[in-house]
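**Student:** Numbering (my numbering), first residue to last: 16 to 194.
Encoded as structure tokens, here's the structure I'll be asking about.
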């Protein structure tokens, strides 16, 4: 029932491993599972084209460089089929060595993607993984976003170990190593 999951935390804390374990548990509920890393910094056009072009009618041309048009197609696709989309390394579209969450100039259109994901309810789920806060995340203080689950990982303390045990999630180390 959650359309958007946001995993935040420092590099190497296990955000991607946690997301992939979650994917293994929920994948039967989805028609398509797509994993994309933003490490190579695809433009929004490239990203949306890679996500939905193989799954749309051939007469639809979403490769034109018009993010509003592409976002409209993405919104329609997310409503028509049950996608599970994992976008890893979201922090790569932000400026290096700047205040957190400032987009690099050529990636400012990602802001519209995140706004869309935060506001649309559908049958799909998107998991965003980042070591930096996503600026649009600040709107989540409003209770109107019940379809969004933000989770900031701060370390694997006792509460995290208990959560992993409760849901029988596996991790690279034995639970006793964390206690």
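Backbone N, C-alpha and C define an ideal beta-carbon position, used for all residues, glycine too.
If we call anything under 8 Å between Cβ atoms a contact, is residue 34 one with residue 149?
**Tutor:** Cβ distance not < 8 Å, so residue 34 and residue 149 don't count as in contact.
**Student:** Would you kindly work out how many angstroms separate the C-alpha atoms of residue 120 and residue 177, rounded to a whole number?
**Tutor:** Cα-Cα distance, rounded: 42 Å.
**Student:** Which residues does DSSP pair with residue 19 in a beta bridge?
**Tutor:** According to DSSP, which records beta bridges pairwise, residue 19 is partnered with 141 and 163.
**Student:** So, are the CB atoms of residue 139 and residue 18 less than 8 Å apart?
**Tutor:** A contact, by the Cβ cut-off of 8 Å.
**Student:** Just to confirm, is the Cβ distance from residue 141 to residue 125 under 8 Å?
**Tutor:** Taking 8 Å as the Cβ cut-off, residue 141 and residue 125 do not qualify as a contacting pair.
**Student:** Would you call the CB atoms of residue 51 and residue 102 closer than 8 Å?
**Tutor:** Going by C-beta atoms, residue 51 is nearer than 8 Å to residue 102.
**Student:** What is the DSSP secondary structure of residue 129, counted as helix, strand or coil?
**Tutor:** Residue state, collapsed to three classes: helix.
**Student:** Start and end of the alpha helix (DSSP H) containing residue 101?
**Tutor:** First-last for residue 101: 98-103, but that is the beta strand (DSSP E), not the alpha helix (DSSP H).
**Student:** Look at the Cβ atom of residue 92, then the Cβ atom of residue 98, and state whether they are nearer than 8 Å.
**Tutor:** Contact: yes.
**Student:** Could you tell me the distance, in whole angstroms, from the CA atom of residue 67 to the CA atom of residue 89?
**Tutor:** Computed Cα separation, rounded: 7 Å.
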